[in-house]
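Enquirer: First the structure, which I've put down as structure tokens, then a few questions once you've had a look.
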Amino acid sequence: MSTAEATGQPGISMQRSKNPFDWIAAGWRDLLAAPTVTLAYGLLFFATSWVIVGVLVFVGAQGVLLPAIAGWLLVGPLLAIGLYHTAQRLAVGKRVSLVAAVHIKASSLQQLGFAGALLMVLLLLWIRAAAIIYALFFGLGSFPGATEFLSSLFLTWNGIVMLIIGALVGGLFAALGFAISAFSIPMLLSRDVDIFTAMARSTVTVWNNAGIMIVWGAIIVVLSLAGMVAGFLGMIIVFPLLGYATWHAYAAFFGDDPATKGA
């Protein structure tokens, strides 16, 4: 099923449920309906994650490895564009394929490029902040090694305080990244809007539905952590699942008809 995997069941997204667990359930159905697209995007995220780890180790930046991996999730919504498009097509019974997944209308490409640039800037700021926090507590010396670093991190007051401050700062970056990207990337695929309008509408929607979005954010964090613990292997499934589910979250709040919005 590499060129035309399956047709979806019309109306899945159009139920517009605002229960995050319904989004996951709908995402799971999409995952099973489009195995080739799912596997391709899962492997892409897996390989890219290990490239990032390899580069950081090569340049001796292991001290920011954890925040860099966490920050990598900030740009995940951009990598998942093809997954959104696939879920969009499945929702109205259209056939899906890798070719269809990456076929993005020209009017969206420029704005998606801007979105990518903004998310990358946010990621780099996060990593820089993490590097500064690390230097404040552990100095500018070479990385002491994973075992010694983890011992210092969890078994000393210096490390514990750094963890607390790092978590607070990282949480602010994560909250901002989540707010501006939760709905903006899917919106750029389905509506002719600019990136700033999309990010603003995403932020307002997250703010006005804080309870629901806190649950959704917690689900993303828990599933992502579960997917990362075995060397990112779990992300081969988790990343596509969250990508599909994100489209259903977007459809629940904005009610786009995929049949007439660029699918």
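The sequence shown begins at 7 in the working numbering and counts up by one. Virtual Cβ for every residue (Gly too), placed ideally from N, Cα, C. Since the model is a prediction, treat every value here as computed from it, not as a measurement.
(1) In angstroms with no decimal places, state the Cα-to-Cα distance between Ala39 and Thr211.
(2) What three-state label does DSSP hand Arg101 in the structure shown?
(3) Do Asp36 and Leu96 have their C-beta atoms within less than 8 Å of each other?
(4) Compute the Euclidean distance between the alpha carbons of Gln15 and Ala93, then round it to the nearest angstrom.
(5) In three-state terms, what does DSSP make of Thr162?
(6) For Leu129, tell me which candidate among Leu71, Ser196, Trp253 and Phe245 has the shortest Cα-Cα distance.
(7) Measuring CA to CA, which of Ser196, Phe64, Ile201 and Phe189 is closest to Trp213?
(8) Beta-carbon separation of Ile186 and Met205 under 8 Å?
(9) At the level of alpha carbons, what is the spacing between Val108 and Tyr140?
(10) Three or more beta-carbon pairs under 8 Å between the stretch 237-256 and the stretch 44-51, yes or no?
(11) Taking all protein chains shown into account, do 16 or more other C-beta atoms lie within 10 angstroms of the C-beta of Gly237, making it buried, or fewer, making it exposed?
(12) Assess, as a yes-or-no matter, whether the stretch 195-204 is touched by the stretch 116-129 under the definition of 3 or more beta carbon pairs within less than 8 Å.
(13) Going along the chain, which residues of its own chain have a beta-carbon closer than 8 Å to the beta-carbon of Gly232, five neighbours each way excluded?
(14) Any idea if Leu163 is buried or exposed, counting beta-carbon neighbours within 10 angstroms, 16 or more meaning buried?
(15) How is Val43 classed by DSSP in three states: helix, strand or coil?
(16) For Ala173, count the other beta carbons within 10 Å of its own beta carbon; 16 or more makes it buried, fewer makes it exposed. Which is it?
(17) Are the CB atoms of Gly249 and Leu124 within a distance shorter than 8 Å?
(18) If I follow the unbroken alpha helix (DSSP H) through Phe202, where does it start and stop?
(19) My output table needs one value for Gly145: the three-state DSSP class, helix, strand or coil.
(20) Once the 5 residues before and after Thr9 are set aside, which same chain residues still bring their CB inside 6 Å of it?
(21) What is the residue span of the alpha helix (DSSP H) that Arg197 lies within?
(22) Could you check if Gly66 is buried or exposed, using at least 16 other CB atoms within 10 Å of its CB as the buried criterion?
(23) Quick check on DSSP: helix, strand or coil for Ser23?
(24) Can you tell which of Ile133, Ala121 and Met168 has the C-alpha that lies nearest to the C-alpha of Phe143?
(25) Quick one: Cα of Ile110 to Cα of Leu84, how far?
(26) Which residue from Leu195, Phe184 and Val235 puts its Cα closest to that of Val221?
(27) Quick check: what's the CA-CA separation for Phe259 versus Leu161?
Expert: Result, derived from the coordinates:
(1) What you label residue 39 is simply residue 33 of the sequence shown in a count that begins at 1. What you label residue 211 is simply residue 205 of the sequence shown in a count that begins at 1. If you take the alpha carbons of Ala39 and Thr211, they lie about 29 Å apart.
(2) Here residue 101 refers to the residue found at position 95 when the sequence shown is read from its first residue. In the structure shown, Arg101 sits in a strand (DSSP, three-state: E or B).
(3) Reading the sequence shown from its first residue, position 30 is the one you call residue 36. Reading the sequence shown from its first residue, position 90 is the one you call residue 96. Yes, the pair counts as a contact, with Cβ atoms nearer than the cut-off.
(4) To locate residue 15, count along the sequence shown from 1; it is residue 9. To locate residue 93, count along the sequence shown from 1; it is residue 87. Caution applies to Gln15, whose pLDDT of 47 falls short of 50 and renders its modelled position unreliable; the value that the coordinates give is listed next. Roughly 10 Å separates the two Cα atoms.
(5) Within the sequence shown, the letter at position 156 stands for residue 162. In this structure, Thr162 counts as coil in the three-state DSSP scheme.
(6) As a position in the sequence shown, residue 129 is number 123, starting the count at 1. Closest option to Leu129, Cα to Cα, is Leu71.
(7) In the sequence shown, counting from the first residue as 1, residue 213 sits at position 207. Of Ser196, Phe64, Ile201 and Phe189, the residue nearest in Cα terms is Phe189.
(8) Here residue 186 corresponds to residue number 180 of the sequence shown, with the count starting at 1. Here residue 205 corresponds to residue number 199 of the sequence shown, with the count starting at 1. Against a cut-off of 8 Å, the Cβ pair of Met205 and Ile186 comes out as a contact.
(9) The residue given as residue 108 occupies position 102 in the sequence shown. The residue given as residue 140 occupies position 134 in the sequence shown. Spanning the two alpha carbons is a distance of roughly 39 Å.
(10) Segments in contact, yes.
(11) Walking along the sequence shown from the start, residue 237 turns up at place 231. So Gly237 ends up on the exposed side.
(12) Result yes; three or more Cβ-Cβ pairs closer than 8 Å.
(13) What you label residue 232 is simply residue 226 of the sequence shown in a count that begins at 1. According to the sequence as given, residue 232 is Ala; it is not Gly. Only residues of its own chain outside the window of five on either side were considered, and among them Gly240 and Val244 have a CB closer than 8 Å to the CB of Ala232, listed in chain order.
(14) Residue mapping note: residue 163 aligns to position 157 of the sequence shown, counting from 1. Note on identity: in this sequence residue 163 is Trp, with Leu being the wrong assignment. Per the 10 Å Cβ criterion, exposed.
(15) On the sequence shown, residue 43 is found 37 positions in, with the first residue counted as 1. Val43 falls in the helix class under three-state DSSP.
(16) As a first step, residue 173 is located in the sequence shown; it is residue number 167 there, counting from the start. Counting Cβ neighbours within 10 Å, Ala173 comes out exposed, since fewer than 16 surround it.
(17) Start at 1 with the first residue of the sequence shown, and residue 124 comes out as number 118. Start at 1 with the first residue of the sequence shown, and residue 249 comes out as number 243. For Leu124 and Gly249, no; Cβs fall outside 8 Å.
(18) Sequence index remark: in the sequence shown, residue 202 carries index 196 (1-based). First-last of the alpha helix (DSSP H) with Phe202: Ile201 to Asn214.
(19) Within the sequence shown, residue 145 is the residue found at index 139, counting from 1. Correct three-state label for Gly145: coil.
(20) In the sequence shown, the residue the question calls residue 9 occupies position 3. Legend: pLDDT at Thr9 = 43, less than 50; position of this residue unreliable, no value from coordinates given.
(21) Stepping through the sequence shown from its first residue, residue 197 is reached at position 191. That residue, Arg197, is in no alpha helix (DSSP H); it is neither H nor E in DSSP.
(22) Working through the sequence shown from its first residue, we reach residue 66 at position 60. When all chains shown are included, Gly66 counts as exposed.
(23) On the sequence shown, residue 23 is found 17 positions in, with the first residue counted as 1. If DSSP states are grouped into helix, strand and coil, Ser23 belongs with coil.
(24) Here residue 143 refers to the residue found at position 137 of the sequence shown. It is Met168 whose Cα lies nearest to the Cα of Phe143.
(25) By one-based count along the sequence shown, residue 110 stands at place 104. By one-based count along the sequence shown, residue 84 stands at place 78. Each residue's Cα considered, the two are about 13 Å apart.
(26) For the purposes of this step, residue 221 is identified with residue 215 of the sequence shown, where counting begins at 1. Ranking the options by Cα distance to Val221, first place goes to Phe184.
(27) Locating residue 259 in the sequence shown gives position 253, counting from the first residue. Locating residue 161 in the sequence shown gives position 155, counting from the first residue. Approximately 45 Å between the Cα atoms of the pair.
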